[in-house]
Amino acid sequence: MNRKSLFLYCTLLLSLQVWAQTDTLKLPLIPRPAEINVSAGSFKIGLNTHILADPKLLNESKYLRNFILANHQIPLLNLTKASNLIVLRINKSLDKNKESYRISSSAKQIIIEASEPNGIFYGIQTLIQLFPDPKNKASAITIPLVQIADKPNYTWRGMHLDCSRHFFTTAFIKKYLDMMAYYKMNTFHWHLTDDQGWRIEIKKYPKLTEVGAWRNGSMIGHYRDQKFDSIKYGGFYTQDEAKEIVAYAQKLHIDVVPEIEMPGHALAALAAYPEFSCSKQATQVGMRWGVETNVFCPTEETFTFLNHVLNEVMEIFPSKYVHIGGDEVPKEEWEKSAFCQKLMADNKLKDAHELQSYFIRRIEKMVNQKGKIIIGWDEILEGGLAPNALVMSWRGTEGGIAAAKMGHDVVMTPGSHCYFDHYQGTPANEPLAIGGLTTLEKVYSYNPTPASLSQQEAKHILGAQGNVWTEYIATPEQVEYMMMPRMAALAETVWTPENLKDYPDFFMRWQLQIPYLEFKKINFSKTSLQSK
Ligand code: ACM
891 MNRKSLFLYC
901 TLLLSLQVWA
911 QTDTLKLPLI
921 PRPAEINVSA
931 GSFKIGLNTH
941 ILADPKLLNE
951 SKYLRNFILA
961 NHQIPLLNLT
971 KASNLIVLRI
981 NKSLDKNKES
991 YRISSSAKQI
1001 IIEASEPNGI
1011 FYGIQTLIQL
1021 FPDPKNKASA
1031 ITIPLVQIAD
1041 KPNYTWRGMH
1051 LDCSRHFFTT
1061 AFIKKYLDMM
1071 AYYKMNTFHW
1081 HLTDDQGWRI
1091 EIKKYPKLTE
1101 VGAWRNGSMI
1111 GHYRDQKFDS
1121 IKYGGFYTQD
1131 EAKEIVAYAQ
1141 KLHIDVVPEI
1151 EMPGHALAAL
1161 AAYPEFSCSK
1171 QATQVGMRWG
1181 VETNVFCPTE
1191 ETFTFLNHVL
1201 NEVMEIFPSK
1211 YVHIGGDEVP
1221 KEEWEKSAFC
1231 QKLMADNKLK
1241 DAHELQSYFI
1251 RRIEKMVNQK
1261 GKIIIGWDEI
1271 LEGGLAPNAL
1281 VMSWRGTEGG
1291 IAAAKMGHDV
1301 VMTPGSHCYF
1311 DHYQGTPANE
1321 PLAIGGLTTL
1331 EKVYSYNPTP
1341 ASLSQQEAKH
1351 ILGAQGNVWT
1361 EYIATPEQVE
1371 YMMMPRMAAL
1381 AETVWTPENL
1391 KDYPDFFMRW
1401 QLQIPYLEFK
1411 KINFSKTSLQ
1421 SK
């Protein structure tokens, strides 16, 4: 090849590459992979296809086999003479990011490679998103040939679910995790305690669930109407059930982070054990939504109680994180309490914010002693941030920015873009919700890294998370309606490189996924279909 044709050849290659990166991706893939090329031809998965997997990838190959059987009724057997192969292979020479993966395919074989099982699992998620509509029964699954090199933009790709305001069965939690996995989300933040219900069995304190898991009624309609029913409502997860969820999530490469709220949002615990409040007076599990003034009192007895509770929680959940809440803590009870006033004077704490900081630091020590890290909502910055805490920024992004500048890790979950309890369309046309308006496009537009951070500070932004608070969400169907497709938009926000994000393209891919969601009976929001 002479120099001129070499130059032309290189220019052609370069423009093909640019084309591949920017062209509309007419495949039902969300999140959009970092690099993808589609070639002519197809691969057919049928009775003569064999999955050839490294022994370390038993879980992943089983997942793929089960998916194919459950959704497409094709049983893949261990064949010695297969007509084509799906190869799942650990390749340590690939990208060290444990979640990155590669797919190369021809009509004869699809190879999914990664340095760790996590990446293989995400390669499988990409592969199954390419499968045709499972409702059209066929003897083979025909998929386009793709060459992919992919990795996530952020390490924390989270979804939260409030199981206190309303209780959801373990069967539904598993479905929730399945939906997360399909979009490569990797962290489930399980909100287990709040004013309106304590939902996790603690063996040392049985009244937490005997008393704290049940309320005598719930709000009906909107908060401003102040109407209640008188139906006893509740439920809780036994430790065995919680462990079952952890094990299920592990197979999907999802970390389960429990949240045990303190010092506020603790009314259910105080209904069971009023001795840990400042007034020590009997109270009831909350029936109304909102913020309660009755909070944990920072006595030694309270800290001992919380230490025991957290020790049991840390035994159940292998995550390196424990979320301890820290949000919305009214200080009235502490201001009124002679004990708190003396504690503040003795410890030279100048106000109740510093007392809250004292509380969180005491808790942080207990958690750090077990080799784990606390997470708190951004109020834990007030009065001084605990030394090793991760901050979840919800009242906007300012708390997250401040924490990152102080060298703390941060997960962004601002109400404006990440609260999936907000309306997603015109409120008059939507089921009752808490308020706000967070459209699909708004979620999609979110960039978790604030422009005001330096490159070094930006490294502390681990990612973002969608929060599903359930004051106004009483059923699994309504959870699905509120999370889908907003979770899909968030998934692309936290996975796909910012320069490849394109809302119309995402929206088109979302529509291509609808047959699968219908097949899985996921009650996604139809409003989203109007929100181009
Ligand atoms: C919160 O929404 N109160 C964290």
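Here the working numbering is used: the first residue of the sequence shown is 891, the next is one more, and so on.
Note that beta-carbon positions come from the ideal geometry of N, C-alpha and C, so glycine has one too.
Bear in mind the structure is a predicted one, so any value in this text is a computation, not a measurement.
Beta-carbon contacts of ALA1159 that lie in its chain and below 8 angstroms, excluding the five residues immediately before and after: Stepping through the sequence shown from its first residue, residue 1159 is reached at position 269. Counting only Cβ-Cβ distances below 8 angstroms, and skipping sequence neighbours, we find THR1083, TRP1088, LEU1098, GLY1102, PHE1166 and PHE1186.
Cβ-based burial, SER983 [other Cβ within 10 Å; buried from 16]: Taking the sequence shown and counting its residues from 1, one reaches residue 983 at position 93. Exposed, since its Cβ has fewer than 16 Cβ neighbours within 10 Å.
Pair within 9 angstroms by beta-carbon distance, GLY1176 and GLU1218: Residue mapping note: residue 1176 aligns to position 286 of the sequence shown, counting from 1. Residue mapping note: residue 1218 aligns to position 328 of the sequence shown, counting from 1. In this structure, GLU1218 does not lie closer than 9 angstroms to GLY1176 by Cβ.
Distance cut-off 8 angstroms: GLU1218 Cβ against heavy atoms of the ligand ACM: Here residue 1218 refers to the residue found at position 328 of the sequence shown. At least one heavy atom of the ligand ACM is nearer than 8 angstroms to the Cβ of GLU1218, so yes.
Residue burial classification, PRO945 (beta-carbon count within 10 angstroms, cutoff 16): To locate residue 945, count along the sequence shown from 1; it is residue 55. So PRO945 counts as exposed.
Beta-carbon proximity list for THR912, same chain, < 6 angstroms, skipping 5 on both sides: As a first step, residue 912 is located in the sequence shown; it is residue number 22 there, counting from the start. Reliability fails at THR912, whose pLDDT of 46 lies under 50, so the model's placement of it is uncertain and no value is given.
DSSP-derived helix/strand/coil call for LYS1391: Residue 1391 sits at position 501 when you count from the first residue of the sequence shown. Correct three-state label for LYS1391: coil.
Spatially closest choice to PRO1022 from ILE1264, PRO1277 and PRO1405, by CA coordinates: Within the sequence shown, the letter at position 132 stands for residue 1022. Among ILE1264, PRO1277 and PRO1405, the Cα nearest to that of PRO1022 is on PRO1405.
Continuous beta strand (DSSP E) stretch holding GLN1037: start and end: Numbered from its first residue, the sequence shown carries residue 1037 at position 147. From DSSP, the beta strand (DSSP E) with GLN1037 extends over 1031 to 1040.
As assigned by DSSP and simplified to three states, the class of ASP1115: Along the sequence shown, one-based indexing puts residue 1115 at 225. In this structure, ASP1115 counts as helix in the three-state DSSP scheme.
Straight-line gap, ARG1285 to PRO1304 (C-alpha atoms, nearest Å): Residue 1285 sits at position 395 when you count from the first residue of the sequence shown. Residue 1304 sits at position 414 when you count from the first residue of the sequence shown. Taking the straight line from one Cα to the other gives about 6 angstroms.
Length-filtered (4 minimum) alpha helix (DSSP H) runs lying within the stretch 1270 to 1295: 1288 to 1295
N-terminal and C-terminal residue of the alpha helix (DSSP H) that VAL1257 is part of: Working through the sequence shown from its first residue, we reach residue 1257 at position 367. Counting along the chain, the alpha helix (DSSP H) containing VAL1257 begins and ends at 1242 to 1259.
Beta-carbon proximity list for PRO1220, same chain, < 8 angstroms, skipping 5 on both sides: As a first step, residue 1220 is located in the sequence shown; it is residue number 330 there, counting from the start. GLY1154, VAL1181, GLU1182, THR1183 and VAL1185, listed in sequence order.
Inter-stretch contact at 8 angstroms, needing at least 3 Cβ pairs: the stretch 984 to 1003 / the stretch 926 to 934: yes
Nearest neighbour of GLY1315, chosen from PRO1277, MET1374 and VAL1300 [CA to CA]: Indexing the sequence shown from 1 puts residue 1315 at position 425. Answer by Cα proximity: MET1374.
PHE1058 (DSSP reduced to helix, strand or coil): Counting from one through the sequence shown, the residue named residue 1058 turns up at place 168. Of the three classes helix, strand and coil, the one that applies to PHE1058 here is coil, per DSSP.
Contact under 9 angstroms by Cβ, ALA1279 with GLU1254: In the sequence shown, residue 1279 corresponds to position 389, counting from 1. In the sequence shown, residue 1254 corresponds to position 364, counting from 1. Taking 9 angstroms as the Cβ cut-off, ALA1279 and GLU1254 qualify as a contacting pair.
Straight-line Cα distance separating HIS1050 from ARG1114: As a working note, residue 1114 is residue 224 in the sequence shown. As a working note, residue 1050 is residue 160 in the sequence shown. Taking the straight line from one Cα to the other gives about 26 angstroms.
Span of the alpha helix (DSSP H) around ARG1376: Here residue 1376 is taken as the residue at index 486 of the sequence shown, counted from 1. Looking at the DSSP string, the run of the alpha helix (DSSP H) that includes ARG1376 is 1376 to 1385.
contact_flag[the stretch 1041 to 1056, the stretch 936 to 943] where n(CB pairs < 8 angstroms) is 3 or more: no
Residue range of the beta strand (DSSP E) that includes ASN927: For the purposes of this step, residue 927 is identified with residue 37 of the sequence shown, where counting begins at 1. Start and end: 925 to 935.
Heavy atom of the ligand ACM within 8 angstroms of ASN1357 beta-carbon: Sequence index remark: in the sequence shown, residue 1357 carries index 467 (1-based). It does: the Cβ of ASN1357 is within 8 angstroms (strictly closer) of some heavy atom of the ligand ACM.
Check: GLY1305 C-beta below 8 angstroms from any heavy atom of the ligand ACM: To locate residue 1305, count along the sequence shown from 1; it is residue 415. Yes, since a heavy atom of the ligand ACM falls inside the 8 angstroms radius drawn around the Cβ of GLY1305.
As assigned by DSSP and simplified to three states, the class of GLN911: As a working mapping, residue 911 is identified with position 21 in the sequence shown. Because the pLDDT of GLN911 is 47, which lies under 50, any placement of that residue in the model is unreliable, and the number read from its coordinates should be weighed accordingly. It is helical.
Exposed unless 16 or more other CB atoms sit within 10 angstroms - verdict on SER1342: Here residue 1342 refers to the residue found at position 452 when the sequence shown is read from its first residue. So SER1342 counts as exposed.
Given ALA972 as reference, the closest of ILE935, ASN956, LYS952 and ARG992 once Cα atoms are compared: The residue given as residue 972 occupies position 82 in the sequence shown. Among ILE935, ASN956, LYS952 and ARG992, the Cα nearest to that of ALA972 is on ILE935.
Selected residue, minimal CA-CA separation from MET1152, among TRP1267, GLY1111 and ASP1236: Counting from one through the sequence shown, the residue named residue 1152 turns up at place 262. Nearest C-alpha to MET1152: TRP1267.
Extent of the continuous beta strand (DSSP E) to which TRP1267 belongs: Against the sequence shown, residue 1267 aligns to sequence position 377. Run containing TRP1267: 1263 to 1267, per the beta strand (DSSP E) assignment.
LEU1233: first and last residue of the uninterrupted alpha helix (DSSP H) it sits in: Taking the sequence shown and counting its residues from 1, one reaches residue 1233 at position 343. Start and end: 1228 to 1236.
CB of ASP1395 within 9 angstroms of CB of ARG1047, strictly: Locating residue 1395 in the sequence shown gives position 505, where the first residue counts as 1. Locating residue 1047 in the sequence shown gives position 157, where the first residue counts as 1. No, Cβ-Cβ distance for ASP1395 and ARG1047 is not below 9 angstroms.
For THR1077, three-class secondary structure by DSSP: Walking along the sequence shown from the start, residue 1077 turns up at place 187. Correct three-state label for THR1077: strand.
Beta strand (DSSP E) segment containing ILE958, residue limits: As a first step, residue 958 is located in the sequence shown; it is residue number 68 there, counting from the start. Not the beta strand (DSSP E): ILE958 falls in the alpha helix (DSSP H), residues 948 to 962.
For LYS1332 and TYR1393, the rounded distance between their alpha carbons: Along the sequence shown, read from residue 1 onward, the residue named residue 1393 stands at position 503. Along the sequence shown, read from residue 1 onward, the residue named residue 1332 stands at position 442. Cα to Cα, TYR1393 sits roughly 10 angstroms from LYS1332.
Cut-off 8 angstroms between Cβ atoms - residues of its own chain near ILE920, not counting five sequence neighbours on either side: Start at 1 with the first residue of the sequence shown, and residue 920 comes out as number 30. Cβ neighbours of ILE920 beyond the five flanking positions: GLN1019, TYR1073, ALA1378, ALA1381, GLU1382, PHE1396, ARG1399, TRP1400 and GLN1403.
Those residues which DSSP pairs with GLN999 across a bridge: As a position in the sequence shown, residue 999 is number 109, starting the count at 1. In the DSSP output, where bridge partners are listed per residue, GLN999 has LEU975.
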